[in-house]
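All residue numbers for the sequence shown refer to the working numbering, where the first residue is 12 and numbers rise by one. The C-beta atom is built at its ideal place from N, Cα and C for all residues, glycine as well. None of the values given here were measured: they were computed from a predicted structure.
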Amino acid sequence: QPEELLGDVEDAQRVMTRMQQLNALSSNNEQDPATPQSRDTDETIDLWIYNFLNNSHTQITATRQINSTLCNIYVHDDIWNVTITPTDVEYLRTAFEDSTATDPTIGVYELDTEMFGLTSDIDGNGKTNILIYNIDDEDINGYFSPSDLLGGPYSNSMELLYIDDNPHGSGINSSYCYATLAHEFQH
């Protein structure tokens, strides 16, 4: 059927795009994790977040601090250079794309996609978006919202992972943060 063939072609194109992204990463693996790959701060957007303590939604303004091969990292404007620095976002990018404690030669993205398969790309940017902000419940290190993929009144209409700016009081460059990142990316 022509419709089935079109779906197969689109799947093949998605796989090829991901393979090209992973190949591009292999050339970056030798770099110092604190060396910025690409810092693009031109995009400021309003994003919906969930308030766990009062069960409501709020919009915050965040600016893209990393525009890299596999991810965009946004930081809530209120915490940029207060609790989150350029070095912090670069360490998070490195964990996502390049290197983990489990395997220093590959990041969370490759580990998770080898195990669970390729990600969706509803916003068409070929990347996973990560938002760092101060989650209002200290017991929550991060989360994923299905409404971001499915739509609805509080949807951000993108693949988005929400990460606390200080998971378990250990900071962004911690095993708590990286484990949360890997867990939320599995969704």
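Check	Outcome
Extent of the continuous beta strand (DSSP E) run through ASP57	55 to 62
CB-CB length for ASP176 against THR94, believed under 8 Å	5 Å
Segments assigned beta strand (DSSP E), at least 3 residues, entirely inside the region 97 to 179	139 to 144, 153 to 155 and 171 to 175
Segment contact, 8 Å Cβ cut-off, at least three pairs: the region 159 to 173 with the region 128 to 143	yes
SER87: first and last residue of the uninterrupted beta strand (DSSP E) it sits in	Residue 87 is actually His in this sequence, not Ser. First-last of the beta strand (DSSP E) with HIS87: 82 to 87.
Cutoff 7 Å; reference LEU64; Cβ partners in own chain excluding five residues on either side	ASP147 and ASP148
Cβ neighbours of ASN40 in the same chain (closer than 6 Å, five flanking residues each side left out)	With a pLDDT of only 44 at ASN40, under 50, the local geometry of the prediction cannot be trusted, and no value is derived from it.
Check whether ASP89 and THR55 have beta carbons under 9 Å apart	no
Spatially closest choice to ARG200 from GLY180, PHE155, LEU172 and SER181, by CA coordinates	The question about residue 200 has no answer here: the residues shown for the chain are numbered 12 through 198.
Beta-carbon proximity check, THR69 vs ILE60, cutoff 9 Å	yes
Which residues DSSP lists as bridging ILE71, in chain order	LEU58
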